[in-house]
Structures are given as structure tokens and as C-alpha cells.
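Trainee:
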Amino acid sequence: MTSCTTPAVRRIATLCAASAIALGGSIAGAATTSPAHAATLPQISVAHDMVKPELDRAKSMFLQFVRTGDVSAPSSMKVTVTDGTATAGSDYTVVHTVWTVYFRAGSRLATVAVRILGDRVAEPDESFTFTVSDAVGATIGDDAGTYTIVNDD
Numbered sequence: 068m069t070s071c072t073t074p075a076v077r078r079i080a081t082l083c084a085a086s087a088i089a090l091g092g093s094i095a096g097a098a099t100t101s102p103a104h105a106a107t108l109p110q111i112s113v114a115h116d117m118v119k120p121e122l123d124r125a126k127s128m129f130l131q132f133v134r135t136g137d138v139s140a141p142s143s144m145k146v147t148v149t150d151g152t153a154t155a156g157s158d159y160t161v162v163h164t165v166w167t168v169y170f171r172a173g174s175r176l177a178t179v180a181v182r183i184l185g186d187r188v189a190e191p192d193e194s195f196t197f198t199v200s201d202a203v204g205a206t207i208g209d210d211a212g213t214y215t216i217v218n219d220d
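Residues 68 to 220, numbered by the numbering used here, are exactly what the sequence shown covers, in order.
#1: Could you round the C-beta distance between aspartate 158 and isoleucine 216 to whole angstroms and report it? I think they count as a contact, below 8 angstroms.
#2: One question on the structure: do serine 194 and threonine 213 come within less than 8 angstroms of each other, judged by their Cβ atoms?
#3: Work out the CA separation of valine 146 and valine 165 for me, nearest whole Å.
#4: Sort Thr149, Arg134, Ile183 by Cα distance to threonine 218 and report the nearest one.
#5: State yes or no: is the beta carbon of glycine 173 nearer than 8 angstroms to at least one beta carbon in chain B?
#6: Just to confirm before moving on: does the CB-CB distance between serine 143 and threonine 107 stay below 8 angstroms?
#7: DSSP on valine 161, reduced to helix/strand/coil?
#8: Mapping DSSP to helix, strand and coil, what is glycine 208?
#9: Beta-carbon within less than 7 angstroms of valine 118's beta-carbon, same chain only, minus the 5 sequence neighbours each way: which residues are those?
#10: Drop a sphere of 10 angstroms on the beta-carbon of leucine 176, count the other beta-carbons inside from all chains shown, and report buried for 16 or more, exposed for fewer.
#11: Pop quiz: valine 203 and phenylalanine 129 are said to be a contact at Cβ under 8 angstroms. What is the actual Cβ separation, rounded to whole angstroms?
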């Protein structure tokens, strides 16, 4: 039986380790990882805070999310919408208050429709927040945004 401490085995192990590192991989115990496996995950962020006029009628607006870095693989995240001074059902509507948003491979932008419910009532500007969590195949950068509905009455 050959021991790992014999000169021949040490030379082979050293040669394998040097080859793996020269090719851009790393050594973890007896296994190597390739550069492709060492690539960093893309980052998902809220594109920006939103400010939109209320208008007198319902109008769809969009929460926007951007993905940066290596976007060659799909990613997903959960988005949660929470009332602030604006109230779901009377000031805006969304399909769900929590839902999963998917980025297709190669896609850098995802949007979620929000329907702003206009009225003719003079009131202060109102807002709600949205947060990003539970990313799959990505990391989370800027994880929260505010949507302000500017009163137009």
C-alpha cells in the first residue's frame, strides 16, 4: 500500500494541485473547482424608488428590479408589498401582496404591475413599500423601495 507521504505520491499531488490552480480552479481537500463554479452570483436590486401622479383614473405602473453581474442563468426572488399611507384596495391594487418574480436567463430587468386607483379627493401624497427577499440563483443588493402616489387633486 502506498502512503501519501512517499515522495512519488507527494509529487503527483503537488502537480495536480498546481495544474488546477493554473487553470483558475481551487483545491478544497481532494476536489477541485473550475472557474465556472467559482463565478459570483448576479445581484438583484430595487431599480429605484417610484413617484407617479395619481391621475383621475386607474393606471398601471411598474415596480422595477434590476439584476447585475453574470445573468446567464435564471434567478428568482420574492417581492412583498406593504401598505404605508397608501392602502391596498383603495389607493392601489396588486395581484398578490407577496409573490415570486422570475428573471429568465439573460434578462437584466423584471417588472411587477401595480394598478394605481385614481380619485378626485384632495389628500396628501401617499406611499407603500416593497421589499425583495428569498433570492434563488442570485444575491440581494438594495432590498427595499418606496412607491409614492402624488396627489393630483
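Quick reminder that beta carbons are idealized off the backbone N, C-alpha and C, glycines included. Here the structure is a predicted model, which means the values were calculated and not measured.
Mentor: The short version:
#1: 6 angstroms
#2: yes
#3: 6 angstroms
#4: Per the sequence shown, residue 218 should be read as asparagine rather than threonine. The shortest Cα separation from asparagine 218 among Thr149, Arg134, Ile183 belongs to Ile183.
#5: Given the protein chain composition of this structure (a single chain), no chain B is represented.
#6: no
#7: coil
#8: coil
#9: Thr215, Val217
#10: exposed
#11: So it is not a contact: roughly 22 angstroms between Cβ atoms.
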